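Residue numbers (this note's numbering): 1 to 729.
The beta-carbon is built from N, C-alpha and C at its ideal position, and this holds for glycine as well.
Note that the structure is a prediction, hence the values are computed from the model and not measured.
As structure tokens, the structure follows; a few thoughts come after it.
Spelled out as structure tokens, the structure:
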């Protein structure tokens, strides 16, 4: 008997050792795949430096994951393009302490805002001359403002036309907050007792940004002036006005309190003009969201985007043009409900996106400009004539996102879901001939391949959901689908598992462009399906408005139909018993709903900072309006959600159906998430534990997007291991 137990013990030990061995091998293979895909750089930005005798100088900044330092590293590469001949200069690493940089219009001066290597709260402006000489202005010693803003919502660094001054935005100088027991030094404002005063900031990813000011620095004299806007407006997105006599910018309304700005181009803002003495004038009319002011080369026009305030966080925008100095406004491109016929017989779906207009977008005639927008599941670049209203699509395979425009030359980022970015250069032809540019693009940077993933690993289609929309007006809006993986299998290859990955927002879009994470999973042997459900951008304004009031129903049905159609389309490639769910934010909301509604259909789920109870988000996030709007309710800043409102929010939330969830669930949670309260994930995790569901929660020192390099590496690899744990070989 003892010998029997002894043999049993040895067998269990052997099995345990084998299990540990196979787990280690699996981890090693997953990490190796991650490292291989992580080597692929993405385009951080690109600019045309100079055009002379048909030779174009181009600078491209690349961002790549530095896994040794666990941070993103930036490098800069310069290219000289003459016809088909391209001369590439050796790449140069960019100092990570450079927050902002900008060349003067003459190209002879370079200004940078730099954070101190030793003391991160200390910043200075560094100006490098063409001859290599350098001057610096210590902003801490100047003591005129707080930290300089370097975020996409407010930040700017703009040279005056005479190349003598720069304009930027910084935090207003605050009184030094101290304890009551600290002696008052008798100079300046008394800050005793203010060390614990809460400041209402601008939410997710804008920590420390409370009240901005306009800053104008004379480089030659070192004189620095700061100017506040009236009524606690927060300035940002500054550009120099005609002749360099003043500043044009956007003032964000901060009353009655600040709502989250990131991914929310529906907040009230105003276009203003400020002279060099700080005299403020509002120059836009009405209540709206205004962004991306861009001055034409001849100084006669200001182009900007305008959206309605409130409602969905992202929606179709107008392209407006203001004549200078008359300040008369004209709508050059209006909101599109479904589609609009444009030049060359193409259709136009409207202007969408979070990034706004390129910093330089005008052509030299000052009546045409370029912008990029979603059209179904592609990013498309257009030329618009603001006088005639003619819109021309610059057709290209994959997504084409304009980066810079200078002297009628344009730079664009071109990529596909299965091909990383390359930078293209083209010369925009004269009026009426713009479409012919598609045959003349030059590849500034070569096309990269993804190791182990063929270019043909992709497919796209659209369909109309057979389930009618509660409002028949929206029943015929299509759902677009991007499939990433093989469309056929070589003989003897096993069928592949499928990951369903709906986007967040909810008003966003997965475009046919390169993304790091899905390439990693396709390399591991999965296929991925991205459904652009109703509510996504790029389908007309009706497409956006089809979702509010119907979340948890219409979007869930659309995603499920997309998965079903994908499995049917590639029935010889995909294993229908091996379908996984992955999503963040509203995407997490959707996959949690799917796990509850179809408990036997999915093997495992991973959710990142998901909304699991819309009602509980009202009091704990930077954007309480989203809970009201998506539940079909009106939002007012002072409104308290009553019982009926909270009931409606709960009814459309995954928490309402938690008893049905059986799929093992991994939670990825940002401790500093200001968009979706982390408490939602904690609560849902505990409720699953109480129901005996296999679940795990990972908590990170990060925000909503989980984009810190070390956090991304851990969360993505853990996601893969979670799926591998439940994947049947």
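Rounded to the nearest angstrom, what separates residue i and residue j at their Cα positions?
i: residue 189; j: residue 142; result: 18 Å
i: residue 136; j: residue 683; result: 51 Å
i: residue 221; j: residue 215; result: 15 Å
i: residue 308; j: residue 89; result: 46 Å
i: residue 429; j: residue 646; result: 56 Å
i: residue 632; j: residue 559; result: 20 Å
i: residue 420; j: residue 458; result: 13 Å
i: residue 166; j: residue 356; result: 22 Å
i: residue 668; j: residue 676; result: 12 Å
i: residue 376; j: residue 611; result: 26 Å
i: residue 665; j: residue 601; result: 14 Å
i: residue 299; j: residue 519; result: 45 Å
i: residue 160; j: residue 244; result: 6 Å
i: residue 528; j: residue 522; result: 7 Å
i: residue 289; j: residue 651; result: 32 Å
i: residue 466; j: residue 474; result: 12 Å
i: residue 535; j: residue 656; result: 22 Å
i: residue 620; j: residue 259; result: 12 Å
i: residue 508; j: residue 105; result: 35 Å
i: residue 162; j: residue 516; result: 42 Å
i: residue 447; j: residue 103; result: 28 Å
i: residue 561; j: residue 435; result: 36 Å
i: residue 1; j: residue 23; result: The predicted model places residue 1 with a pLDDT of 48, which falls under 50 and marks its position as unreliable; any figure quoted below should be read in that light. So the two alpha carbons sit approximately 33 Å from each other.
i: residue 594; j: residue 339; result: 31 Å
Give the secondary structure of residue i by DSSP, where H, G and I count as helix, E and B as strand, and everything else as coil.
i: residue 206; result: coil
i: residue 324; result: coil
i: residue 200; result: coil
i: residue 614; result: coil
i: residue 477; result: coil
i: residue 1; result: Unreliable positioning characterises residue 1 in this predicted model, as indicated by a pLDDT of 48, which lies under 50. The coordinate reading is nonetheless provided below. Reduced to three states, the DSSP call for residue 1 is coil.
i: residue 703; result: coil
i: residue 569; result: helix
i: residue 654; result: helix
i: residue 513; result: coil
i: residue 524; result: coil
i: residue 499; result: strand
i: residue 251; result: strand
i: residue 300; result: coil
i: residue 342; result: coil
i: residue 35; result: helix
i: residue 592; result: helix
i: residue 677; result: coil
i: residue 157; result: strand
i: residue 519; result: helix
i: residue 30; result: helix
Does the distance from the CB of residue i to the CB of residue j come in under 8 Å?
i: residue 728; j: residue 578; result: yes
i: residue 270; j: residue 246; result: no
i: residue 753; j: residue 609; result: With the chain running from 1 to 729 in the structure shown, residue 753 is simply not present.
i: residue 402; j: residue 366; result: no
i: residue 316; j: residue 153; result: no
i: residue 176; j: residue 144; result: no
i: residue 51; j: residue 409; result: yes
i: residue 238; j: residue 249; result: yes
Sort out for me which residues DSSP pairs residue i with in a bridge.
i: residue 62; result: 43, 75
i: residue 362; result: 369
i: residue 667; result: 607, 697
i: residue 584; result: 608
i: residue 307; result: 289
i: residue 463; result: 479
i: residue 145; result: 172
i: residue 330; result: 321
i: residue 280; result: 274
i: residue 165; result: 218
i: residue 48; result: 58
i: residue 351; result: 317
i: residue 574; result: 496
i: residue 532; result: 480
Compute every distance between the C-beta of residue i and the non-hydrogen atoms of the ligand PLP, then say whether any falls below 7 Å.
i: residue 427; result: No copy of the ligand PLP occurs in the structure displayed, which carries no ligand at all.
So is residue i in contact with chain D if we call contact Cβ pairs under 8 Å?
i: residue 534; result: Structure shown: chain D not included; a single protein chain is present.
Practice prompt. Please go through the segment 216-245 and give each complete beta strand (DSSP E) segment of 3 or more residues, from N-terminal end onward.
Written response: 224-227, 234-240
Fill in: Any beta strand (DSSP E) of 3 or more consecutive residues that is wholly inside the segment 67-140
71-82, 85-88, 98-103, 109-115, 123-129, 134-138
Worksheet item: What residue ranges within the segment 372-450 form continuous beta strand (DSSP E) runs of no fewer than 3 residues, ordered along the chain?
Response: 378-385, 391-394, 399-406, 409-416, 419-427
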